[in-house]
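1 is the number of the first residue of the sequence shown in full-length UniProt numbering; add one for each residue after it. Below is one structure, written out as structure tokens; comments come after it.
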Amino acid sequence: DGTTCVNMLRLGRGPFFRFCKLFRDRKLLEDTIHLSIEKQVAMFLHIVGHNVRNRIIGGNFGRSGEVVSRYFKKVLHAVGELRGDLIRKPSLETQSKIEGNYRWDPYFKV
């Protein structure tokens with residue numbers, strides 16, 4: 001269900017599966033006998049999106065806290081490898097929408 005996906009992972013179903021496909025295509029993550037890439041990424045997104053402890057995620061996914069921790073680190077490393085694609089450096093230019101708005105302009109003066 002799309003609503004459940006957004007509520008749990010803070011990401012819709014389509015983007016979630018594209019995100020997993022990106023990890024698979026670039027060989028940053030792989031399915032294991034214990035967890036599929038989708039479950040690894042789902043655990044990671046749930047932890048990051050809700051600040052949930054490993055013990056809680058372990059209970060939800062039927063895994064130990066140690067397993068959750070191990071796969072969290074793997075996905076975190078994979079996300080780090082995508083940093084050039086996912087994260088862009090901040091621009092020093094003020095957006096025109098903010099610059100022309102009397103409510104926001106005083107806060108963004110240089």
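Beta carbons are placed, not taken as given, at the ideal position from N, Cα and C, and that holds for glycine. All values derive from a computational prediction rather than experimental measurement.
Exercise. For the UniProt domain "DUF8040" (3-79), list the alpha helix (DSSP H) runs that are entirely contained and at least 4 residues long, ordered along the chain.
Key: 13-25, 37-50, 54-61
Practice problem: Mind the definition here: the stretch 2-22 touches the stretch 44-62 only if three or more C-beta pairs lie below 8 Å; say whether that holds. | Solution: yes
Self-check item: When Cys5, Tyr102, Lys74, Trp104 are compared against Ser36, the one with the closest alpha-carbon
Solution: Here residue 36 refers to the residue found at position 36 when the sequence shown is read from its first residue. Of the listed residues, the one whose Cα sits closest to Ser36 is Lys74.
Exercise. Count the C-beta pairs between the stretch 22-30 and the stretch 74-87 that are closer than 8 Å, then say yes if the count reaches three, no if not.
Key: yes
Practice problem: Might you give, ordered along the chain, the residues of its own chain that have their beta carbon closer than 7 Å to the beta carbon of Ser69, omitting 5 neighbours on each side? | Solution: Within the sequence shown, residue 69 is the residue found at index 69, counting from 1. Within its own chain, the residues whose Cβ lies closer than 7 Å to the Cβ of Ser69, once the five positions on either side in sequence are excluded, are Asn54, listed in chain order.
Quiz item: Can you tell me where the alpha helix (DSSP H) with Glu99 in it begins and where it stops?
Solution: Within the sequence shown, numbered from 1, the residue matching residue 99 stands at position 99. From DSSP, the alpha helix (DSSP H) with Glu99 extends over 96-99.
Practice problem: Note down, in chain order, each residue of its chain lying with its Cβ closer than 6 Å to the Cβ of Leu28, except the 5 sequence neighbours on either side. | Solution: The residue given as residue 28 occupies position 28 in the sequence shown. The beta carbon of Leu28 sits closer than 6 Å to those of Ala78, Glu81, all from its chain and outside the five residues before and after it, given in chain order.
Practice problem: Quick one: measure Cβ to Cβ for Phe16 and Lys39, integer angstroms, because I've assumed they're closer than 8 Å. | Solution: The sequence position of residue 16 within the sequence shown is 16, counting from 1. The sequence position of residue 39 within the sequence shown is 39, counting from 1. Wrong, their Cβ atoms sit about 12 Å apart, outside the cutoff.
Self-check item: Limits of the alpha helix (DSSP H) - the one that Arg83 falls within
Solution: Locating residue 83 in the sequence shown gives position 83, counting from the first residue. Residues 83-86.
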